[in-house]
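Asker: Got a structure for you, written out below as structure tokens; questions coming shortly.
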Amino acid sequence: MPVTILGPNFAPVAVVLPLNGHGEQGYRMADQAAAPKPLRKQVWARLVRHKIAAQAAVLDRLDLPSERLHRLTAAVHSGDPANREAQAAQAYWPLLLGKGSRRDTRAEGTNALLNYGYAVLRAATARAIVSAGLHPSLSVHHRSGGDALALADDLMEPFRPTIDLTVHALLQSGVTSAEDGRADLVETLIAPFSTDQGRSPLSQVLFRLAQGVAASFTARKADLAFPRQPIPEDDPADA
């Protein structure tokens, strides 16, 4: 298991991962480093498309307006040059958390719950990446010289809405602090998704996605494994 070190606002500041994660690690990392830009842009488009579809599915489950996000899902092109991801976020957050809400990674309350949930998801994604023989710093989209988990930041995007759904359920039940909600947020990793292999926990879904990315780098063709539905079959907090 990865060990994640969090700051006072529950944002991750360090993750400890094994160096020896896969028998073909050297070959896979070489393919990853040599992946051409068009392939990386295709992979990123699929990740963004699935993320927006998951955001729309969250709104659908909560009986909130989702028409714009469904339209944006179909409008994502290679590399997301029109930044449909940001357009979706502008529509999504006010609907999910209220018109006055905004993401602030330094804030307490709702934002601290989201920070903690995303830290859990990020660590699990990094573990899946290392297990697939990939290097977590070599991204397909996110670019930051100081980000050691840039690929994890890419691959976790489609599953952020699963954390959002858990946080929404916690807020509805009166939980407003990360300390009180951490158990439910960790259990999000066992939330059941419908997949071609049957019901699979989120942690296994992440492993299959990372394996698909590794295979895409080797074959030079984007072929990612996503669940049949973009969010869990049950509310994660109830799983």
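First residue of the sequence shown? That's 10 in this note's numbering, and the numbers climb one at a time after it. From the three backbone atoms N, C-alpha and C, an ideal C-beta is built for every residue, glycine too. The model shown is predicted, which means the values in this text are computed figures rather than measured ones.
Just the C-alpha distance for His144 and Val184, rounded to the nearest angstrom, thanks.
Answerer: 36 Å
Asker: Rounded to whole angstroms, what's the CA-CA distance from Ser186 to Thr119? Just pull it up for me.
Answerer: 7 Å
Asker: Does DSSP put Gly35 in a helix, a strand or coil?
Answerer: helix
Asker: Taking just the CA atoms, how far does Ala200 sit from Asp193?
Answerer: 10 Å
Asker: If you check the beta carbons only, do Gln238 and Phe202 fall under 9 Å apart?
Answerer: Closer than 9 Å, so yes.
Asker: Could you check whether the stretch 168-181 touches the stretch 223-243, counting it as contact only if at least three pairs of C-beta atoms, one from each stretch, sit closer than 8 Å?
Answerer: yes
Asker: Given Ala223, which residues of its chain have a CB within under 7 Å of its CB, disregarding the five upstream and five downstream residues?
Answerer: Arg37, Ala141, Gly142, Leu143
Asker: On the three-pair Cβ rule with 8 Å, is the stretch 82-102 touching the stretch 46-60?
Answerer: yes
Asker: Taking just the CA atoms, how far does Gln96 sit from Gly221?
Answerer: 27 Å
Asker: Just to confirm, is the Cβ distance from Leu71 to Leu122 under 9 Å?
Answerer: no
Asker: Nearest chain D C-beta to Ile14 closer than 9 Å, yes or no?
Answerer: You won't find chain D in this structure, because it holds only one protein chain.
Asker: Measure from the alpha carbon of Met165 to the alpha carbon of each residue in Arg136, Gly190, Gln34, then state which is nearest.
Answerer: Minimum Cα distance to Met165 is reached at Arg136.
Asker: Work out the CA separation of Leu233 and Arg205 for me, nearest whole Å.
Answerer: One point to set straight first is that residue 205 is Asp, not Arg, in the sequence displayed. Each residue's alpha carbon lies about 13 Å from the other.
Asker: Excluding five sequence neighbours on each side, which residues of the same chain lie with their C-beta closer than 6 Å to the C-beta of Arg49?
Answerer: Val149
Asker: Count the other C-beta atoms from every protein chain shown that fall within 10 angstroms of the C-beta of Ser110, then say buried if there are 16 or more, exposed otherwise.
Answerer: exposed
Asker: If you follow the beta strand (DSSP E) that Phe226 is part of, which residue opens it and which one closes it?
Answerer: Counting along the chain, Phe226 sits inside no beta strand (DSSP E); it lies in the alpha helix (DSSP H) bounded by residues 211-228.
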